[in-house]
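Those sequence lines, one after another, are chains A and B.
Here the first sequence is numbered in my numbering, starting from 506 and rising by one per residue.
Here the second sequence is numbered in my numbering, starting from 3 and rising by one per residue.
Written out below as structure tokens is the structure these notes cover.
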Amino acid sequence: MFKKFLAIVAALMMSMTSSFAVDFSGKTVTWLVPFGAGGGSDKWARYYAPMLSKALPGNPTVVVQNCPGGSGTKCSNQFAQIKNGDGLTILGDSGSSKFPFLLDDKRVQYNPTKWPVVLSSATGGGAYVTPKTGYKTSADFKKLQGKKLKYGAQGATSLDLIALLAFDMLGLQVDAVMGYKGRGPARVAFERGEMTIDYQTSSAYLKVNQTLVKDGKAVPLFAWGILDESGNIVRDPTFPNLPSFVEYYESVHGKKPKGPAWSAWKTFFASGFGGQKMVYLPEGTSADIVKTYADAFAKVVASDEFKKTSSKRLGKYPQATGKAAVAAQKEAFTIDAKSKAWIKNHLSKNYGVKF
Amino acid sequence: MLDSLISAFTLIFSGEHFLFLLFGVVMGIFIGILPGLGGIVGFSILMPFIYGMDPVSALAMLIGLIAVIPTSDTFTSVLMGIPGSSASQATVLDGFTLAKQGQAARALSAAFSASLFGGLFGACVLTLIVVIAKPIILFFGSSELFMLGILGISMVGVLSGDSFVKGFLACGIGLLLGTMGSAPATGEWRLTFGSYYLFDGLKVVTIGLAAFAIPEICDLLRKNKTIATKDEPIGKGWLKGLMDTLREKWIVIRCAGIGTLVGILPGLGGSVVDWIAYGHVVQTSKDKSNFGKGDIRGVIAPESANNAKEGGGLVPTILFGIPGSGSMAVFLGGLTLLGIEPGPALIEEDLQFTYVMVWSLALANVIGAGMCFAISSKVAKITTIPYGVLAPFMIMIICFAAFQVTRSIYDLYILIILGAFCTLMKSYNWPRPALLIGFVLSDTLETYLYQAVQIYDWNFLTRTSVIIIFIITLISIFLGMRTKKEKTVVHNVKISDLFKFNLETVYLGIIYLFFGITVYDSFTHNFLGGVFPGGISIIMFVTMTYTLFFNQRWLSKALNSSYSLEDTKDMFYAFSWIIFLVLLVTFFGFIIGIVILFVSVMKNKTNLSLLKILLITSGGIVLMLVLSYFMVLDFPSGLLQEYVKLPWPFK
Chain A
506 MFKKFLAIVA
516 ALMMSMTSSF
526 AVDFSGKTVT
536 WLVPFGAGGG
546 SDKWARYYAP
556 MLSKALPGNP
566 TVVVQNCPGG
576 SGTKCSNQFA
586 QIKNGDGLTI
596 LGDSGSSKFP
606 FLLDDKRVQY
616 NPTKWPVVLS
626 SATGGGAYVT
636 PKTGYKTSAD
646 FKKLQGKKLK
656 YGAQGATSLD
666 LIALLAFDML
676 GLQVDAVMGY
686 KGRGPARVAF
696 ERGEMTIDYQ
706 TSSAYLKVNQ
716 TLVKDGKAVP
726 LFAWGILDES
736 GNIVRDPTFP
746 NLPSFVEYYE
756 SVHGKKPKGP
766 AWSAWKTFFA
776 SGFGGQKMVY
786 LPEGTSADIV
796 KTYADAFAKV
806 VASDEFKKTS
816 SKRLGKYPQA
826 TGKAAVAAQK
836 EAFTIDAKSK
846 AWIKNHLSKN
856 YGVKF
Chain B
3 MLDSLISAFT
13 LIFSGEHFLF
23 LLFGVVMGIF
33 IGILPGLGGI
43 VGFSILMPFI
53 YGMDPVSALA
63 MLIGLIAVIP
73 TSDTFTSVLM
83 GIPGSSASQA
93 TVLDGFTLAK
103 QGQAARALSA
113 AFSASLFGGL
123 FGACVLTLIV
133 VIAKPIILFF
143 GSSELFMLGI
153 LGISMVGVLS
163 GDSFVKGFLA
173 CGIGLLLGTM
183 GSAPATGEWR
193 LTFGSYYLFD
203 GLKVVTIGLA
213 AFAIPEICDL
223 LRKNKTIATK
233 DEPIGKGWLK
243 GLMDTLREKW
253 IVIRCAGIGT
263 LVGILPGLGG
273 SVVDWIAYGH
283 VVQTSKDKSN
293 FGKGDIRGVI
303 APESANNAKE
313 GGGLVPTILF
323 GIPGSGSMAV
333 FLGGLTLLGI
343 EPGPALIEED
353 LQFTYVMVWS
363 LALANVIGAG
373 MCFAISSKVA
383 KITTIPYGVL
393 APFMIMIICF
403 AAFQVTRSIY
413 DLYILIILGA
423 FCTLMKSYNW
433 PRPALLIGFV
443 LSDTLETYLY
453 QAVQIYDWNF
463 LTRTSVIIIF
473 IITLISIFLG
483 MRTKKEKTVV
493 HNVKISDLFK
503 FNLETVYLGI
513 IYLFFGITVY
523 DSFTHNFLGG
533 VFPGGISIIM
543 FVTMTYTLFF
553 NQRWLSKALN
563 SSYSLEDTKD
573 MFYAFSWIIF
583 LVLLVTFFGF
593 IIGIVILFVS
603 VMKNKTNLSL
613 LKILLITSGG
623 IVLMLVLSYF
633 MVLDFPSGLL
643 QEYVKLPWPF
653 K
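Listed below in structure tokens is the structure:
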């Protein structure tokens, strides 16, 4: 009798463990991208997709599906509705869909802090100014003060917010001219001489600005920096000669940045660059499935194929998985009430944004 | 330069590159034929395959795709009056009219040959200009682009038909519809009425379909015959069309030039190019009387321009990495997936890639035009199919195309609402092209005006380049007004007629109310967010008030319809079929809705047996399924799907 009982218990335990092993054989994973085909998030997802397929158990097909609209809010809203826990749908967001959440945008009906994160991809940016100001190195900072600089922006609540707030914190007088359909057109405006200060994300900065800087048409200011494993902002390895924003701030003001403006900047920087693109599973997905994905991405990042091609495709930026990704998610979405109130007030007062 | 050019040419023909080019072209022909899709969809389908492909083949394929779409999108514009893509709307005006007169083959062949020449011209320009284009692009700043937008708007004068006032007001409606959504300067939500859908604003595909496709379908359903009403042998037309294009070679060249220029300037909006070309050819013709009634020049001009635009559009894309249009944006994405980074570095280090693109463009245009030619006389026979069979297909395609905009059921609702309004516009002779131009240029005008003032202050108006463009605008308006005779008024209309309750006065009331609402809405915003819509809406409101109440002559133009109440009733009976489909979709989902629609329309309007009806219906369904499979698309689902779990494709 007792032997039978043991046998049954053993059989039950074995069946339980085997059902715990996640396997996606014959299935299709849909990777939702809240932006249009051809954009940065799309490229990022399509770069990862085939490698993810190979790394997931059962090697399911991974299909990237674009669902643009509402600056990324539409797709995120839809993703928030998924409750089936089968692990076959993942979302790859970007800074542009994080900001509406942080700013309590009316369209947002999702909460990314509830989604388990399995990958966090960073990117960077660098700011530069026209040589017509007489600025050559950070010692010339005084030459920038008192000058009215012009910056081409997409909007006050877009990623430009990071640049504009940084300039503001440095004490620069920057006039934001809105309505540019991206950093590309703003860069052309800079080349035309219409804009006098600008930033570009790393890939654009590398390719184009090296020529502008080389030809003496632009002078580098600083790079934003990157988040290290503990969530501190350190120098960006892609631009080893450029100080990070923290370093630059210190060189200008003689002390480290702090206060609600800084706290807001840190969060928006983490959302917009430090952990710009994240991959999530729907809320309530089982821990096993989450771990399966986290392990798969870790495998991808450690693979030879990734090491060979990623710096060209994604830049030399940390691709955080596991605990580091969770830390990045925390940095990207943690903003205390005081800083939130501060940034909303700042945006209303200076840019007429209505909340 | 020359050796890069030659080596690129030989490169294309070596290995499988040419095959990929062909594949891209064939794909482009299909995408172009189905309205509302456009390059973006084609790229999305090809994207997964590009990854890891040999760059030259991939480039050839992508370019093959874009180059051919403005050629093949003519099929539906001419044969069905459904604009194949946003750059093919102007072609509908004369092209579809010609098809109704039984001259479909002629219109198609003129269109294809014009497209071919336009495309080749664009490729030539790309070759020569790309090395020196940078200063040109840098030259055109916000002020210049704003003035070019004004030049575009001035086309409304030419396209207003018999009444400038109606054109002016229609353009105003378009401009205001274009302000819906987020304001460029402040990001405020304008005219959204709290609707999530409207936060993104309306899209040109929806407006194009609502303005042209829907009224035409209603008209044809009402008459219930075949598209072509005259008994002309279709087969002979193709030679005539070719001769037409050769005869009008100066128009082809001029419009190709216009198309290339508009393509090169990023931010002008490729959707306007066909209207600018059309407007230009009307302005510069001595005999304007036939435009809109089947003048072949009205087909040649836009078709030449929209192909040339693609060549031009590659210039800023390659030079600056700035896409000039939505499809260029996706193309850019494809380039970087291939590891090709656009920018001056590309031109300096690897001119060969650029020339691969040039040759692909040229070859694709030739092959594409050739293929379209070859199939055109067969395809033109569509116009002889009884409308009872054709109509459900057209309704299905229109709804499918409209659905691509945001892939939500609200796309269809908006289509119906706007479609109803535009059907009334057609009945009462309000010029729909004016509405469209206003809509397309709205964002351009507002953004560039705002930026120009921010950068230069109002002095921007005194810049030499701006003044030159302004003078060109004045000349173009003048040319347009030349030989335009104001038709003498026959109707004796009184103000009291306005208060009679009939469909036309309701229609006028809706417009008036719209202007009133937009005036009100503009005051709820900050200055920068509200000034543009506010200014336009106030001008429109005042103009309309004046027209309705203070100017007898203008009133008689506005309240002067040639449609009797009977005609309008028929029109709405036809319109109800479209409403029927959307209701079906709301309740049962797309596929089931389509099946029911097909069966009902054909049963109602034709004498075909049930078996034949089901056979045709399954043909339509298969088409939809194939498309959706490749586009990784779910169809709109209905209430039924919320309660009952159905397998794909009934989801």
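All C-beta atoms in this analysis are idealised placements derived from N, C-alpha and C, irrespective of residue type, glycine included.
Note that the structure is predicted; figures quoted are calculated from it, not measured.
- For Pro787/A, there are no neighbours in chain B by C-beta distance under 8 Å, as the nearest C-beta there is about 17 Å away.
- Under DSSP, Ala681/A forms a beta bridge with Tyr656/A.
- Under a 10 Å Cβ-count criterion, His19/B is classified as buried, with 16 or more other Cβ atoms of the shown protein chains found around its own Cβ.
- Between Gly721/A and chain B, the shortest Cβ-Cβ separation is not below 9 Å.
- Checking the DSSP bridge columns, you'll see Phe501/B has no partner listed.
- According to the DSSP assignment, Ala632/A belongs to the beta strand (DSSP E) that extends over Gly630 to Val634.
- Taking Gln614/A as the centre and dropping the five residues before and after it, the same chain places the C-beta of Asn582 and Ala585 closer than 7 Å to its C-beta, in chain order.
- At a beta-carbon threshold of 8 Å, the residues of chain B lying near Ala661/A are Thr188 and Gly189, ordered along the chain.
- In the structure shown, Gly174/B adopts helical secondary structure according to DSSP, grouped into three states.
- Asp547/A reaches chain B at Gly335, counting residues in chain order whose Cβ is nearer than 7 Å.
- 9 Å or more divides the Cβ of Ala799/A from the Cβ of Tyr704/A.
- Counting only runs that start and end inside the segment 273-347 of chain B, there is no beta strand (DSSP E) element of at least 3 residues.
- Neighbourhood of Gln453/B in chain A, by CB distance below 9 Å: Gly657, Val682, Met683, Gly684, Tyr685, Ala694 and Glu699, in chain order.
- With respect to Leu193/B, Met182/B sits close: the two C-beta atoms are nearer than 9 Å.
- Under the DSSP assignment, Trp847/A falls in the alpha helix (DSSP H) whose first and last residues are Ala842 to Tyr856.
- The count of Cβ pairs closer than 8 Å, one atom from the segment 676-696 of chain A and one from the segment 311-328 of chain B, reaches three, so the stretches are in contact.
- Along the segment 535-569 of chain A, the positions whose C-beta sits under 9 Å from a C-beta of chain B are Thr535, Gly541, Ala542, Gly543, Gly544, Gly545, Asp547, Lys548, Arg551, Tyr552, Ala554, Pro555, Val568 and Val569, read in chain order.
- Under a 10 Å Cβ-count criterion, Phe695/A is classified as buried, with 16 or more other Cβ atoms of the shown protein chains found around its own Cβ.
- Leu81/B sits away from Gly30/B, with the two beta carbons spaced by 9 Å or more.
- Residues of chain B whose Cβ lies closer than 8 Å to the Cβ of Lys817/A are, in chain order, Gly341.
- Of the residues assessed, Val160/B falls on the buried side of the cut-off, its CB having 16 or more other CB atoms within 10 angstroms.
- Between Val679/A and Lys653/A, the C-beta spacing is below 9 Å.
- The residue among Gln824/A, Ala766/A and Thr701/A with its C-alpha nearest the C-alpha of Ala671/A is Ala766/A.
- Residue burial annotation: Glu734/A is exposed, with fewer than 16 other C-beta atoms found within 10 angstroms of its C-beta.
- Within the same chain, Cβ atoms closer than 7 Å to the Cβ of Thr790/A are found at Gly590, Gly592 and Pro621, the five residues on either side in sequence being excluded.
- Between Thr566/A and Val805/A, the alpha-carbon positions lie close to 15 Å from each other.
- Listed along chain A, the residues sitting closer than 8 Å to Gly143/B by beta-carbon distance are Ala694, Arg697 and Glu699.
- Those residues of the segment 611-643 of chain A placed with their C-beta closer than 7 Å to a C-beta in chain B are Arg612, ordered along the chain.
- For Met55/B, no chain A residue has a C-beta closer than 8 Å to its own C-beta; the minimum C-beta separation is roughly 12 Å.
- Annotation for Ala728/A: no alpha helix (DSSP H) segment contains it, though the beta strand (DSSP E) segment containing it runs Val724 to Ala728.
- For Lys782/A, the enclosing beta strand (DSSP E) stretches over residues Lys782 to Tyr785.
- The Cβ of Leu140/B sits closer than 9 Å to at least one Cβ of chain A.
- The beta-carbon separation of Tyr280/B and Ala92/B, rounded to 4 Å, stays under the 8 Å limit for a contact.
- Within the model, the alpha-carbon separation for Ser602/A versus Lys817/A is close to 25 Å.
- Fully contained in the segment 111-198 of chain B are the following alpha helix (DSSP H) runs of length 4 or more, in chain order: 135-141, 144-160 and 166-180.
- The Cβ atoms of Asp56/B and Ile298/B do not sit closer than 9 Å to each other.
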